[in-house]
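**Student:**
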Amino acid sequence: MESQLSPQEAQAALAAVDESRSDIADRLVTPWWYHPILGVLVGGLITVATIGVAFPTLIGVLAVYAVGIYLLMSAYRRKTGVWMNGFGGGPRARRSLALLFAVTLAITIAGSVLSMGLEIRWAALLTGLAVALTMTLWGRHYDNVLRAELRETS
Amino acid sequence: MIEPRFDEIVHAPNRLRICSMLSATDEVEFAALRESLGVSDSVLSKQLKALEDAGYVTVKKSPMDGRTRTWAALTPAGKAAFNGHVAELRRLAAGITVEQPVE
Numbered sequence: 001m002e003s004q005l006s007p008q009e010a011q012a013a014l015a016a017v018d019e020s021r022s023d024i025a026d027r028l029v030t031p032w033w034y035h036p037i038l039g040v041l042v043g044g045l046i047t048v049a050t051i052g053v054a055f056p057t058l059i060g061v062l063a064v065y066a067v068g069i070y071l072l073m074s075a076y077r078r079k080t081g082v083w084m085n086g087f088g089g090g091p092r093a094r095r096s097l098a099l100l101f102a103v104t105l106a107i108t109i110a111g112s113v114l115s116m117g118l119e120i121r122w123a124a125l126l127t128g129l130a131v132a133l134t135m136t137l138w139g140r141h142y143d144n145v146l147r148a149e150l151r152e153t154s
Numbered sequence: 001m002i003e004p005r006f007d008e009i010v011h012a013p014n015r016l017r018i019c020s021m022l023s024a025t026d027e028v029e030f031a032a033l034r035e036s037l038g039v040s041d042s043v044l045s046k047q048l049k050a051l052e053d054a055g056y057v058t059v060k061k062s063p064m065d066g067r068t069r070t071w072a073a074l075t076p077a078g079k080a081a082f083n084g085h086v087a088e089l090r091r092l093a094a095g096i097t098v099e100q101p102v103e
């Protein structure tokens, strides 16, 4: 469909698009408790997994983890009125998330080798703690990248 | 490659802003959209209905804290229409910088 818009009108419409994206970026202010709780949930799961518990116990822990994640995400949605899954951001945000995944995986593998391979059991706790801290600190960085990308021109 | 395509449904000012916000996220709650647009419930409902009828937006209700909240999201068709429309706006806006030849 052909439009009769002048260049000025098109620019004004693009400015409205940018302004709206900026509005939504302002709403994506993650509550302070979100990343620490997410870190504890993931770190706890990884501690249990690397300590080498029985399979039924692991299933139980997974169920608690799933309920915890659901409640955390529901609280986030209620608080902000916006939802965005981790892979919905721009290229820099997606790269940051991929790097976080790689670092978490590396920590988990190292922890598993120490805990289950070399039977240094306390390493499992250290692994979970390292993952929880990494997720908490990285989460804030990820939010900043995400918001910055949303504010950039459309 | 996004094909520039003017879309009358997307272009209406409030609908353009709604699509802009939804395109940047997965879902936005009705109250958040209303506050950002600064419009009444009925105006927002009407605009969302127009986008929903065009197949550009899905609207779903989910219970939270004992009350129902309404969430809106862009459909794949809505994303394609919005991206095409923005590409067309960019193409049209680029004309503003074209200098007129000196006679």
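Protein chains in written order, with the working numbering: chain E, 1 to 154; chain B, 1 to 103.
Here a beta-carbon is modelled for each residue, glycine too, at the ideal position from N, C-alpha and C.
The model shown is predicted, which means the values in this text are computed figures rather than measured ones.
May I have a chain-ordered list of the beta strand (DSSP E) segments no shorter than 3 residues that lie completely inside the stretch 23–99 of chain B?
**Tutor:** Segments of the beta strand (DSSP E) lying fully in the stretch 23–99 of chain B: 27–29, 57–64 and 67–74.
**Student:** Output yes if chain E places a C-beta closer than 7 Å to the C-beta of B:D26; else output no.
**Tutor:** It does; some Cβ of chain E falls within 7 Å.
**Student:** Please name the residue in E:E9, E:V29 and E:K79 whose C-alpha comes closest to that of B:R69.
**Tutor:** Per the Cα distances, E:K79.
**Student:** Could you give the DSSP three-state label for E:W83: helix, strand or coil?
**Tutor:** DSSP places E:W83 in strand when its eight states are reduced to three.
**Student:** Can you tell me whether DSSP reads B:D7 as helix, strand or coil?
**Tutor:** DSSP places B:D7 in coil when its eight states are reduced to three.
**Student:** Quick one: list the residues of chain E neighbouring B:E3, beta-carbon separation under 8 Å, in chain order.
**Tutor:** Within chain E, no residue comes near B:E3; the closest Cβ sits about 12 Å away, beyond 8 Å.
**Student:** Using a Cβ-Cβ cutoff of 8 Å, what residues of the stretch 74–94 of chain E are near chain B? List them in chain order.
**Tutor:** Within the stretch 74–94 of chain E, the residues whose Cβ lies closer than 8 Å to some Cβ of chain B are S74, R77, R78, T80, G81, V82, W83, M84, N85 and G88, listed in chain order.
**Student:** In terms of residue numbering, what span does the alpha helix (DSSP H) encompassing E:E9 cover?
**Tutor:** Start and end: P7 to R27.
**Student:** Taking E:V17 as the query, report the chain B residues whose CB atoms sit under 8 Å from its CB, ordered along the chain.
**Tutor:** What E:V17 touches in chain B: L16, R17, S20, V86 and L89.
**Student:** Mind checking B:V42: buried by the 16 CB within 10 Å criterion, or exposed?
**Tutor:** Residue identity check: residue 42 of chain B is Ser in the sequence provided, not Val. B:S42 should be labelled exposed.
**Student:** Is there at least one Cβ from chain C nearer than 7 Å to E:D18's Cβ?
**Tutor:** In summary, chain C is missing from the structure at hand, where the protein chains are E and B.
**Student:** Candidates B:R90, B:K60, B:P63 and B:L44: which alpha carbon is nearest B:A12's?
**Tutor:** Of B:R90, B:K60, B:P63 and B:L44, the residue nearest in Cα terms is B:L44.
**Student:** When DSSP labels each residue in this structure, what does E:P56 get in the three-state scheme?
**Tutor:** E:P56: helix per DSSP, three-state reduction.
**Student:** Would you say B:S36 faces chain E, with C-beta separation under 7 Å as the test?
**Tutor:** Interface residue, yes.
**Student:** Which of the three DSSP states is assigned to E:R151 in this structure?
**Tutor:** Helix, per DSSP.
**Student:** Just list the alpha helix (DSSP H) runs in the stretch 90–134 of chain E, keeping only unbroken ones of 4 residues or longer that don't cross its boundaries, in chain order.
**Tutor:** The stretch 90–134 of chain E contains these whole alpha helix (DSSP H) runs: 91–112.
**Student:** Locate the alpha helix (DSSP H) running through E:A49, then write down its first and last residues.
**Tutor:** Y34 to I51 is the span of the alpha helix (DSSP H), which, as asked, contains E:A49.
**Student:** Taking just the CA atoms, how far does E:V53 sit from E:L126?
**Tutor:** Rounded to whole angstroms, E:L126 to E:V53 spans 16 Å at the Cα level.
**Student:** Listed from N- to C-terminal order along the chain, which residues in the stretch 41–73 of chain E have their beta-carbon within a distance smaller than 7 Å of any beta-carbon of chain B?
**Tutor:** Flagged: no residues at all.
**Student:** Would you mind telling me which residues of chain E sit closer than 9 Å to B:P63, beta carbon to beta carbon, in chain order?
**Tutor:** Residues of chain E passing the Cβ test: none, with the nearest at roughly 10 Å.
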